[in-house]
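Trainee: Heads up, the sequence shown is in full-length UniProt numbering, so the first residue is 1 and it goes up one at a time.
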Amino acid sequence: MRTKPSLEQALCIVALLGIQDRKVPLHSHLVAERLGVSTSYLKKIVQKLAAGGIVKTVSGRDGGIMLTKNPMKITLLDVFNAIEGTTAFVHNTGLVSKVFDLDQKDTFMTTYQLKDFKDTRPVANVMNVFAQAEKQFRQELATLVIGDVLPTASGQPIQLDWTKWLTRPTAE
């Protein structure tokens, strides 16, 4: 499975916003600059996160991006689904059944005079292996919330206004 580069960027955005003071939106241009992406590209990621109910945008001079809920309520699965979608990784088109004529087992056995024919279910179940792997993958992502990966102080994710840090003069 290959994920979009925007998944890592979305996780960084959500983590930045998880630390950001909940009352202060973070300016989009600061986030884009920090990620090293264009503001138009950032906007596409933010739109997906907003459609997933993870972030919202606030317009105006003091506007920017904010989380819609506490980072302790946002799972990695929420972010993954917002960026990658919920469509199954592998799609069963029925090709395995068609190729191996699974509905013609009796005729197959008679044609080749097979008395002790082992069922072809392992071939047919390959697609189920992929489905189970995806289910486990998604279940694992659902167990970890963004708040679990943020820096903490006194047992709680820190909250600060990134604006001060991102706009500070830096020595070059």
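Glycine residues also receive a C-beta, built at the ideal position from the N, C-alpha and C atoms. In this text, all values refer to a predicted model and were calculated from it rather than measured experimentally.
With DSSP run on the structure shown, which of helix, strand or coil describes threonine 93?
Mentor: The count along the sequence shown starts at 1 and reaches residue 93 at position 93. Coil, per DSSP.
Trainee: Could you spell out the range, first to last residue, of the beta strand (DSSP E) harbouring threonine 163?
Mentor: Taking the sequence shown and counting its residues from 1, one reaches residue 163 at position 163. First-last for threonine 163: 162-166, but that is the alpha helix (DSSP H), not the beta strand (DSSP E).
Trainee: Using the C-alpha atoms, what's the distance from aspartate 161 back to residue 197?
Mentor: Only positions 1 to 172 of the chain appear in the structure, and residue 197 is not among them; the question remains open.
Trainee: Between the C-alpha atoms of glutamate 33 and asparagine 128, what's the straight-line distance to the nearest angstrom?
Mentor: Your numbering for residue 33 matches position 33 in the sequence shown. Your numbering for residue 128 matches position 128 in the sequence shown. Between glutamate 33 and asparagine 128, the C-alpha separation is close to 43 angstroms.
Trainee: May I ask you to report which of helix, strand or coil DSSP gives isoleucine 54?
Mentor: By 1-based counting over the sequence shown, the position of residue 54 is 54. In the structure shown, isoleucine 54 sits in coil (DSSP, three-state: anything other than H, G, I, E or B).
Trainee: If you run the structure through DSSP and keep just helix, strand and coil, what is alanine 133?
Mentor: Counting from one through the sequence shown, the residue named residue 133 turns up at place 133. Helix.
Trainee: Assuming glycine 64 is part of the alpha helix (DSSP H), what are its boundary residues?
Mentor: Within the sequence shown, the letter at position 64 stands for residue 64. Glycine 64 -> not in any alpha helix (DSSP H); beta strand (DSSP E) instead, spanning 64-67.
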